[in-house]
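What follows is one structure encoded as structure tokens, with my remarks underneath.
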Amino acid sequence: MPDALTYIEQHLDRFRSELYDFLRIPSVSAKAEHDDDTRGAAVWLADRLADAGLQAEVVDTAGHPIVLGEWRGAGPDAPTVLIYGHYDVQPPEPLDRWTSPPFEATEREGRIYARGSADDKGQLYMHVKALEACLQDGASLPINVVVLAEGEEEVGSPNLVPFVKDHAERLACDVVLISDTGMYAEGLPALLFSLRGLAYFEVNVHGAKSDLHSGEYGGAVTNPANALARIVASLHDADGRVAIDGFYDDVVEWDRETRDQIASLPHSDEEFARELDVPALTGERGFGTLERLWIRPTCDVCGVLSGYTGEGAKTVLPNHAMAKVSFRLVPDQRPDRVRELFEAHVRRVAPPGVDVEIRELHGGRPWKASLGGPAFEAAADALEEAFGTRPVPMGGGGSIPIVVDFEEQLGATALLVGFSLPGCNMHAPDEWLSVENFEKGIGALARLYEKLG
61 MPDALTYIEQ HLDRFRSELY DFLRIPSVSA KAEHDDDTRG AAVWLADRLA
111 DAGLQAEVVD TAGHPIVLGE WRGAGPDAPT VLIYGHYDVQ PPEPLDRWTS
161 PPFEATEREG RIYARGSADD KGQLYMHVKA LEACLQDGAS LPINVVVLAE
211 GEEEVGSPNL VPFVKDHAER LACDVVLISD TGMYAEGLPA LLFSLRGLAY
261 FEVNVHGAKS DLHSGEYGGA VTNPANALAR IVASLHDADG RVAIDGFYDD
311 VVEWDRETRD QIASLPHSDE EFARELDVPA LTGERGFGTL ERLWIRPTCD
361 VCGVLSGYTG EGAKTVLPNH AMAKVSFRLV PDQRPDRVRE LFEAHVRRVA
411 PPGVDVEIRE LHGGRPWKAS LGGPAFEAAA DALEEAFGTR PVPMGGGGSI
461 PIVVDFEEQL GATALLVGFS LPGCNMHAPD EWLSVENFEK GIGALARLYE
511 KLG
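When the letters of the sequence shown are read in order and numbered with our numbering, they come out as residues 61 to 513.
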């Protein structure tokens, strides 16, 4: 282990330079125009895994390819760790909000700015470099390693679950290690005990066959924009709760110990609001901000489109209105059940005179872990050694749907160890990753591999 840590320190400049090359590949999985770039990123990553000492290959799927890297030098009796990440990234728009081009990889004031720096290329590449350090010059690890990197996480991972099922024997492992999350604060690492699930829908409200003159037809027909506004306004009550019948029926109440741990974390609502530049924090009454972010379900309108939005006035009744609505779910809610409840609610509150169509876009189940066990303790020790501070338990407000599938299909323990920081602008302009966390994170992961043996 001292040799690996020394190797890391001696090669940090090269590690960062290689990461910049990775970040400059615009592997935007959602856009067909970037299909070649996405495959190029897969090939580039496989080459770097091979350079690190793993057997690597690019495996085709019905969509973007999966990259597999394997090192099984510890022998059949040693534990196996599967490292999961993704090399695809979100679209960079709006481009005019970036201080520097999203695929230029620019370092400023101790931060690496680029699309994918935090989510997830930067964190995935930490594993590649930690493995290189541990395996350099014929060295070995006490664990077998499988690296699985997909290129479709940002579009819902449509081909990953079938791949895991079809290759369950090859992917068999004791621990699934994921670095697609973050630290609680700068200098304060965290281990995740939960992730929220997701149910995401598009609601389309259709009226007349074309837009109508608001003077000649207003008052005689239902305006789809008004109908959609009624639907959206009905989704919450005055206490901030989701006002859909049955929505909370499957919500598991968290134990007092977990809620006390959350309450003990350093947090200021005033500072949080100031960082977000909002006048106040809101949400479900009766729960603190961190509880609302981590262990309570939510409903949010993510986008609305209807009518005339150009310069000046146009007196028109739009013939169509659309909203994108997402639900973040907690144990034991299921996306299919939420769809049933949501659809019933929308059809109940929609006014006559319009047709309503609901389309499901994405879904994923929530995940909950036990704060204990050998893998958890190994990660806590490794993070403490690297950062000088014992990690805190933290919930995750976002979703990584494959975590549940990994545990069910492979019978493994999921361990989420992330290195991004609050405010890193994942999915937004000026996404960034801390240089210090990139460097210390590589050392933390090298330590963790040893401790998982």
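Every residue gets a Cβ at the ideal spot worked out from N, C-alpha and C, and that includes glycine. If you're wondering where the values come from, they're calculated on a predicted model, not measured in any experiment.
Alpha carbon to alpha carbon, what distance is there between G300 and T342?
Position 282 of the sequence shown, counted from the start, is the residue given in the question as residue 342. Position 240 of the sequence shown, counted from the start, is the residue given in the question as residue 300. If you take the alpha carbons of T342 and G300, they lie about 8 angstroms apart.
Please state whether DSSP places A259 in a helix, a strand or coil.
Here residue 259 is taken as the residue at index 199 of the sequence shown, counted from 1. In the structure shown, A259 sits in a strand (DSSP, three-state: E or B).
I'd like to check one pair, L505 with A178: are the Cβ atoms closer than 8 angstroms?
Residue 178 sits at position 118 when you count from the first residue of the sequence shown. Residue 505 sits at position 445 when you count from the first residue of the sequence shown. No, these two residues do not count as a Cβ contact at 8 angstroms.
When you compare only the Cα positions, how much space is there between E246 and E510?
As a first step, residue 246 must be located in the sequence shown, where it is residue number 186. As a first step, residue 510 must be located in the sequence shown, where it is residue number 450. Rounded to whole angstroms, E246 to E510 spans 25 angstroms at the Cα level.
Would you be able to state if there are at least three C-beta pairs under 8 angstroms between the region 254–270 and the region 494–501?
Taking 8 angstroms as the limit for Cβ pairs, the verdict is that the region 254–270 does not touch the region 494–501.
Could you tell me the distance, in whole angstroms, from the CA atom of D305 to the CA atom of V409?
As a first step, residue 305 is located in the sequence shown; it is residue number 245 there, counting from the start. As a first step, residue 409 is located in the sequence shown; it is residue number 349 there, counting from the start. D305 and V409: Cα-Cα distance of roughly 12 angstroms.
Quick one: any contact between the region 387–396 and the region 417–434, if contact means 3 or more CB pairs under 8 angstroms?
Flag = yes, the region 387–396 and the region 417–434 touch.
Do the region 111–129 and the region 190–209 make contact, defined as three or more Cβ pairs closer than 8 angstroms?
The region 111–129, when compared against the region 190–209, does touch it at the 8 angstroms Cβ threshold.
State the beta-bridge partners of H146 as determined by DSSP.
Counting from one through the sequence shown, the residue named residue 146 turns up at place 86. BP columns for H146 point to E210.
Pull up the distance between the alpha-carbon of Q183 and that of L109, whole angstroms please.
For the purposes of this step, residue 183 is taken as residue 123 along the sequence shown, with counting starting at 1. For the purposes of this step, residue 109 is taken as residue 49 along the sequence shown, with counting starting at 1. Rounded to whole angstroms, Q183 to L109 spans 14 angstroms at the Cα level.
For H405 and Q469, what's the separation of their Cα atoms in angstroms?
Translated into the one-based positions of the sequence shown, residue 405 becomes position 345. Translated into the one-based positions of the sequence shown, residue 469 becomes position 409. So the alpha carbons of these two residues sit roughly 34 angstroms apart.
M186 lies in the alpha helix (DSSP H); which residues open and close that run?
For the purposes of this step, residue 186 is identified with residue 126 of the sequence shown, where counting begins at 1. From DSSP, the alpha helix (DSSP H) with M186 extends over K181 to L195.
What residues in its chain sit with their C-beta under 7 angstroms from that of A90, if we drop five residues either side in the sequence?
Taking the sequence shown and counting its residues from 1, the one referred to as residue 90 is at position 30. Excluding sequence neighbours, A90 sits near P151, E214 and V215.
If I'm right that V414 touches C359 with Cβ under 8 angstroms, what's the distance once you round it to whole angstroms?
For this step, residue 414 is matched to residue 354 along the sequence shown. For this step, residue 359 is matched to residue 299 along the sequence shown. Not quite, the Cβ-Cβ distance comes to about 21 angstroms (not below 8 angstroms), so this is no contact.
Drop a sphere of 10 angstroms on the beta-carbon of S480, count the other beta-carbons inside from all chains shown, and report buried for 16 or more, exposed for fewer.
Counted from its first residue, the sequence shown places residue 480 at position 420. The residue is buried, with at least 16 neighbouring Cβ atoms inside 10 Å.
Drop a sphere of 10 angstroms on the beta-carbon of A112, count the other beta-carbons inside from all chains shown, and report buried for 16 or more, exposed for fewer.
Stepping through the sequence shown from its first residue, residue 112 is reached at position 52. Looking at its Cβ environment, which holds 16 or more other Cβ atoms inside 10 Å, A112 is buried.
Please state whether DSSP places G275 in a helix, a strand or coil.
Within the sequence shown, the letter at position 215 stands for residue 275. Helix.
By the DSSP assignment, the alpha helix (DSSP H) with G100 in it spans what residues?
Residue 100 sits at position 40 when you count from the first residue of the sequence shown. Unbroken alpha helix (DSSP H) run through G100: D95 to D111.
If you run the structure through DSSP and keep just helix, strand and coil, what is T349?
Against the sequence shown, residue 349 aligns to sequence position 289. Of the three classes helix, strand and coil, the one that applies to T349 here is helix, per DSSP.
Could you give the distance in angstroms between the alpha-carbon of H487 and the alpha-carbon of E276?
The residue given as residue 487 occupies position 427 in the sequence shown. The residue given as residue 276 occupies position 216 in the sequence shown. Roughly 44 angstroms between the two C-alpha positions.
Count the CB pairs spanning the region 312–321 and the region 441–451 that are closer than 8 angstroms, and state whether there are at least three.
With the cut-off at 8 angstroms, the region 312–321 and the region 441–451 do not touch.
Which residue or residues does DSSP assign as beta-bridge partners of C359?
In the sequence shown, the residue the question calls residue 359 occupies position 299. Answer is F387.
If you count every other CB in all the chains shown that lies within 10 Å of the CB of L336, and 16 or more means buried, which is it?
For the purposes of this step, residue 336 is taken as residue 276 along the sequence shown, with counting starting at 1. It counts as exposed.
H124 by DSSP, collapsed to three states: which one?
Counting from one through the sequence shown, the residue named residue 124 turns up at place 64. Three-state DSSP puts H124 in coil, outside helix and strand.
With distances taken Cα to Cα, identify the nearest neighbour of L389 among L350, D96 and V311.
On the sequence shown, residue 389 is found 329 positions in, with the first residue counted as 1. Comparing Cα positions, the closest option is V311.
Take D309 and list the residues in its own chain whose beta-carbon comes closer than 8 angstroms to its own, dropping the five residues that flank it on each side.
One-based indexing of the sequence shown puts residue 309 at position 249. Around D309: no qualifying Cβ.
Measure the beta-carbon distance from I203 to T140 and round it to whole angstroms, keeping in mind my assumption that it falls under 8 angstroms.
Here residue 203 is taken as the residue at index 143 of the sequence shown, counted from 1. Here residue 140 is taken as the residue at index 80 of the sequence shown, counted from 1. Indeed they touch by this definition, with Cβ atoms about 7 angstroms apart.
Between which two residues does the beta strand (DSSP E) holding S324 run?
Stepping through the sequence shown from its first residue, residue 324 is reached at position 264. Unbroken run through S324 is the alpha helix (DSSP H), R316 to S324; no beta strand (DSSP E).
Using only the alpha-carbon positions, how far apart do D221 and V463 sit?
As a working note, residue 221 is residue 161 in the sequence shown. As a working note, residue 463 is residue 403 in the sequence shown. Checking the displayed sequence, the identity of residue 221 turns out to be Val instead of Asp. Their Cα atoms are separated by approximately 10 angstroms.
Ordered along the chain, which non-local residues of its own chain (more than five positions away) have a Cβ less than 6 angstroms from that of T473?
Mapped onto the sequence shown, residue 473 falls at position 413. Closer than 6 angstroms at Cβ, skipping near neighbours: V235 and A435.
M454 and A134: beta carbons closer than 8 angstroms?
For the purposes of this step, residue 454 is taken as the residue at position 394 of the sequence shown. For the purposes of this step, residue 134 is taken as the residue at position 74 of the sequence shown. It is not a contact, given that the beta carbons lie outside the stated cut-off.
Find out if the Cβ-Cβ distance for the pair R334, E344 is shorter than 8 angstroms.
Within the sequence shown, the letter at position 274 stands for residue 334. Within the sequence shown, the letter at position 284 stands for residue 344. Not closer than 8 angstroms, so no.
According to DSSP, simplified to helix, strand and coil, what is F253?
Your numbering for residue 253 matches position 193 in the sequence shown. Strand.
What are the boundary residues of the alpha helix (DSSP H) that T66 is part of?
Here residue 66 is taken as the residue at index 6 of the sequence shown, counted from 1. T66 -> alpha helix (DSSP H) spans P62 to Q70.
DSSP has Y308 in a bridge; who is on the other side?
Taking the first residue of the sequence shown as 1, we reach residue 308 at position 248. In the DSSP output, where bridge partners are listed per residue, Y308 has none listed.
Checking the sheet assignment: what are the DSSP bridge partners for H327?
As a first step, residue 327 is located in the sequence shown; it is residue number 267 there, counting from the start. The partner list for H327 (beta bridge, DSSP) is empty, contrary to what the question assumes.
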